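Participant: Got a structure for you, written out below as structure tokens; questions coming shortly.
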Amino acid sequence: MVGQSFKLKVGIKFYLLFFVMIFLYYIFDIFIFNRKYRKRDFLISGLINLLIFYLLIIYFDKNILIVGFFIYTLFQNAIKYLYNFIFSYPQRVVLLSDKSEKDLESAIGKNESFSYGGWINLNEIEKIKDLKPNEVIYPIEITNQAVNEIYALKMSGIKVMDSMVFLQEFEGKISVDSISKEWVIATKGFEVLHSIFERKLKRVLDICMSLGILMIGAPFMVVTYIFVKLDNPKNFLKNPAFFRQKRIGFGGEEFEIIKFRSMKLHNPNEYSKYASEKDNRITKVGKFIRKTRLDELPQIFNVLRGEMSFVGPRPEWNELGREYEEKIKMYKVRYIVKPGLTGWAQVMYPYGASLDDAKKKLEYDIYYIKYQNLLLDMIILLKTVKVVLFGKGT
């Protein structure tokens, strides 16, 4: 029995180390294959492997694992290098459009799988082969003549894709300008609207995660509470640690959100409604707790009350949200799911502080709502871990 117990403990340690290794690979982007091989990849994977094999040597007391470390690391990086050398050559992409499309151009430019070959006016589509594209992206609304030309391109072996599909596949967003109520009715997706089982399962997971994080995060909440109050030590007892604000939630209903205060006490009427990344109202402690998301921890109580979920569109301040409803097309779509502590827009888009930023974040929110499932929620939570560890995001 003792021998079996020891083997079990050793097995648990082995699988735990394996999980840690895979998690570190994910955190440091070792699993990304659609980009050029970098020396950084070899260095970081080598350091991760060194840590894991060092712990394995301690647990199993077998020096032969030193050889295993070198063989595994060299084999791992050789496979990745060969894969990138053989398969990761950039596809030359050309846009069909009546004007320069900055959104699409930006998406192409930051993806190492593509090289931007320029754009051709729809009236001059016959010239597109002169640019020797591997792939052509065309607008959703095109003439019958353009349909024939694009059909001919596809039949000649050139990959063609409409702009909406391209943005969904490679940017994880849906252009607000390209959709309508009719599109929502006709398109597939939005399963979250009628999947009672998934909604109930998500609620159970929200409660379990909230209670777990509450137990683990309680010491951090106490420390954060003290440090926030210490930004005015002379008035420690009266200095508020929490910030409360009306937000818009599920169904457009308003509720009160609670966060740790990250700004100096001020009259909101004397400042812009938008909080910028380098806002001078943010305290020193506030900068840290915003980057690490510690300011969001009290919202666990909003989750437990059922006003929020762990994953969903971020709830907007009611004053700004009502303004967006009037100025941004399809903005109310985000109210068909519960708002979240973190969301697809938060992990995919940098800090935003304007009407245009709100519109772009909505494009990510609509993508999330269209494709929402537990797997996507898990991906968002993993991406959030990166945001917390590396201090990026909003």
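For the sequence shown, the numbering used here assigns the number 8 to the initial residue and increments by one for each residue that follows.
Built from N, CA and C at the ideal position, the CB exists for glycine as well.
Remember, predicted model here, so these are calculated numbers, not experimental data.
Is it right to say LEU15 is buried, meaning 16 or more other beta carbons lie within 10 angstroms of its own, or is it exposed?
Facilitator: For this step, residue 15 is matched to residue 8 along the sequence shown. Its pLDDT being 49, under 50, LEU15 is placed unreliably by the model, and nothing is read from it.
Participant: Let me check understanding here. Comparing Cα to Cα, which of ILE19, GLN83, ILE59 and ARG47 lies closest to ASN73?
Facilitator: One-based indexing of the sequence shown puts residue 73 at position 66. Here residue 73 is Ile; the residue named in the question, Asn, does not match the sequence. Nearest of ILE19, GLN83, ILE59 and ARG47 to ILE73, Cα basis: ILE59.
Participant: Measure the C-alpha to C-alpha separation of SER185 and GLU198 and round it to an integer number of angstroms.
Facilitator: Translated into positions along the sequence shown, residue 185 becomes position 178. Translated into positions along the sequence shown, residue 198 becomes position 191. Straight-line Cα distance between these residues: approximately 21 Å.
Participant: Could you tell me whether the Cβ atoms of PRO140 and ARG99 are closer together than 9 Å?
Facilitator: Counting from one through the sequence shown, the residue named residue 140 turns up at place 133. Counting from one through the sequence shown, the residue named residue 99 turns up at place 92. Contact flag set, yes.
Participant: Between the C-alpha atoms of LEU212 and ILE157, what's the straight-line distance to the nearest angstrom?
Facilitator: To locate residue 212, count along the sequence shown from 1; it is residue 205. To locate residue 157, count along the sequence shown from 1; it is residue 150. Spanning the two alpha carbons is a distance of roughly 47 Å.
Participant: Any idea if TYR356 is buried or exposed, counting beta-carbon neighbours within 10 angstroms, 16 or more meaning buried?
Facilitator: Position 349 of the sequence shown holds residue 356. Flag for TYR356 reads buried.
Participant: Rank PHE397, VAL340 and ASP302 by C-alpha distance to the C-alpha of ILE192 and give the top, closest one.
Facilitator: Within the sequence shown, the letter at position 185 stands for residue 192. When each option's Cα is compared against that of ILE192, the closest is VAL340.
Participant: According to DSSP, MET263 sits in a beta bridge with which residue or residues?
Facilitator: Counted from its first residue, the sequence shown places residue 263 at position 256. Reading off the sequence shown, one finds Glu at residue 263, where the question assumed Met. For GLU263, which the question treats as bridged, DSSP gives the partners LYS253.
Participant: Please identify the residue among TYR123, ASP68, ARG210 and LYS161 whose C-alpha is closest to the C-alpha of LEU311.
Facilitator: On the sequence shown, residue 311 is found 304 positions in, with the first residue counted as 1. With distances taken between Cα atoms, LEU311 lies closest to ARG210.
Participant: Within its chain, find whatever has a CB closer than 7 Å to the CB of GLY53; leave out the 5 residues flanking it on each side and keep chain order.
Facilitator: The count along the sequence shown starts at 1 and reaches residue 53 at position 46. So the list reads THR80, once near-sequence residues are dropped.
Participant: Using the three-state DSSP reduction, which class does GLY124 fall into: helix, strand or coil?
Facilitator: Here residue 124 corresponds to residue number 117 of the sequence shown, with the count starting at 1. Residue state, collapsed to three classes: strand.
Participant: By the DSSP assignment, the alpha helix (DSSP H) with TYR88 in it spans what residues?
Facilitator: Here residue 88 refers to the residue found at position 81 when the sequence shown is read from its first residue. Unbroken alpha helix (DSSP H) run through TYR88: 71-94.
Participant: Based on DSSP bridge pairs, tell me the residues matched to TRP324.
Facilitator: Indexing the sequence shown from 1 puts residue 324 at position 317. Looking at the DSSP assignment, TRP324 forms a beta bridge with ARG254.
Participant: Quick one: what does DSSP say LEU174 is sitting in, helix, strand or coil?
Facilitator: Looking up residue 174 in the sequence shown gives position 167. If DSSP states are grouped into helix, strand and coil, LEU174 belongs with the helices.
Participant: In the DSSP output, what is GLY313 paired with across the bridge?
Facilitator: Position 306 of the sequence shown, counting from 1, holds the residue named residue 313. BP columns for GLY313 are empty, so no partner.
Participant: Out of curiosity, what's the CA-to-CA distance linking GLY164 and LEU138?
Facilitator: On the sequence shown, position 157 is the one that residue 164 refers to. On the sequence shown, position 131 is the one that residue 138 refers to. Rounded to the nearest angstrom, the two C-alpha atoms are 15 Å apart.
Participant: What number of angstroms, rounded off, separates the C-alpha of GLY329 from the C-alpha of ILE181?
Facilitator: Numbered from 1 along the sequence shown, position 322 holds the residue referred to as residue 329. Numbered from 1 along the sequence shown, position 174 holds the residue referred to as residue 181. Gly is not the amino acid found at residue 329; the sequence shown has Arg there. C-alpha separation (whole angstroms): 22 Å.
Participant: Going by the C-beta, is GLY359 closer than 8 Å to any heavy atom of the ligand HEM?
Facilitator: In the structure on display, the ligand HEM does not appear, and there are no ligands present to speak of.
Participant: According to DSSP, simplified to helix, strand and coil, what is VAL344?
Facilitator: The sequence position of residue 344 within the sequence shown is 337, counting from 1. Three-state DSSP puts VAL344 in coil, outside helix and strand.
Participant: In three-state DSSP terms, what is MET270?
Facilitator: Mapped onto the sequence shown, residue 270 falls at position 263. Of the three classes helix, strand and coil, the one that applies to MET270 here is strand, per DSSP.
Participant: Which residue marks the beginning of the alpha helix (DSSP H) containing ARG47, and which one marks its end?
Facilitator: One-based indexing of the sequence shown puts residue 47 at position 40. Run containing ARG47: 46-67, per the alpha helix (DSSP H) assignment.
Participant: Ordered along the chain, which non-local residues of its own chain (more than five positions away) have a Cβ less than 6 Å from that of LYS402?
Facilitator: Outside the shown range of the chain, which is 8 to 401, sits residue 402, and nothing can be said about it.
Participant: Between the Cα of GLY350 and those of TYR338, SER361 and LEU369, spot the shortest distance and give me the residue it belongs to.
Facilitator: One-based indexing of the sequence shown puts residue 350 at position 343. Of the candidates TYR338, SER361 and LEU369, the one whose C-alpha sits nearest the C-alpha of GLY350 is LEU369.
Participant: Out of SER361, TYR90, ASP302 and LEU388, state which residue places its alpha-carbon closest to the alpha-carbon of TYR44.
Facilitator: Locating residue 44 in the sequence shown gives position 37, where the first residue counts as 1. When each option's Cα is compared against that of TYR44, the closest is TYR90.
Participant: Tell me which residues share the same chain as VAL405 and place their Cβ nearer than 8 Å to its Cβ, disregarding the 5 neighbours each side in the sequence.
Facilitator: Nothing about residue 405 can be reported from this structure: the residues present for the chain run from 8 to 401 only.
Participant: With DSSP collapsed to three states, give me the class of PHE13.
Facilitator: Stepping through the sequence shown from its first residue, residue 13 is reached at position 6. With a pLDDT of 49 at PHE13, under the threshold of 50, the modelled position of this residue cannot be trusted, and the question is left open.
Participant: Pick from ILE78, GLY319 and ILE39: whose alpha carbon is nearest that of LEU57?
Facilitator: Here residue 57 refers to the residue found at position 50 of the sequence shown. Comparing Cα-Cα distances from LEU57 to each of ILE78, GLY319 and ILE39, the minimum goes to ILE78.
Participant: Give the straight-line distance between the Cα atoms of PRO346 and ARG206, rounded to the nearest whole angstrom.
Facilitator: Against the sequence shown, residue 346 aligns to sequence position 339. Against the sequence shown, residue 206 aligns to sequence position 199. Using only the alpha carbons, I get a separation of about 13 Å.
Participant: Could you give the residue range of the alpha helix (DSSP H) that holds LYS209?
Facilitator: Here residue 209 refers to the residue found at position 202 of the sequence shown. 203-236 is the span of the alpha helix (DSSP H), which, as asked, contains LYS209.
Participant: What residue range does the beta strand (DSSP E) around GLY144 cover?
Facilitator: Within the sequence shown, the letter at position 137 stands for residue 144. It is Ile, not Gly, that sits at residue 144 in the sequence shown. Looking at the DSSP string, the run of the beta strand (DSSP E) that includes ILE144 is 142-145.
Participant: Terminal residues of the continuous beta strand (DSSP E) containing VAL406?
Facilitator: In this structure the chain extends from 8 to 401, so residue 406 is not present and cannot be described.
Participant: Grouping DSSP H, G and I as helix and E and B as strand, with all else coil, what is PRO168?
Facilitator: For the purposes of this step, residue 168 is identified with residue 161 of the sequence shown, where counting begins at 1. Residue identity differs from the one stated: residue 168 is Met in this sequence, not Pro. If DSSP states are grouped into helix, strand and coil, MET168 belongs with the strands.
Participant: Output yes or no for whether 9 Å exceeds the beta carbon distance between PRO226 and PHE267.
Facilitator: As a working mapping, residue 226 is identified with position 219 in the sequence shown. As a working mapping, residue 267 is identified with position 260 in the sequence shown. Not a contact, by the Cβ cut-off of 9 Å.
Participant: Over what stretch of residues does the alpha helix (DSSP H) that includes ALA193 continue unbroken?
Facilitator: Looking up residue 193 in the sequence shown gives position 186. Element bounds for ALA193: 188-193.
Participant: Going by DSSP in three states, ILE391 sits in which element: helix, strand or coil?
Facilitator: Looking up residue 391 in the sequence shown gives position 384. The sequence shown places Thr at residue 391, rather than the Ile named in the question. THR391 falls in the helix class under three-state DSSP.
Participant: Give the DSSP bridge partners of ILE289, in chain order.
Facilitator: Reading the sequence shown from its first residue, position 282 is the one you call residue 289. The partner list for ILE289 (beta bridge, DSSP) reads MET270.
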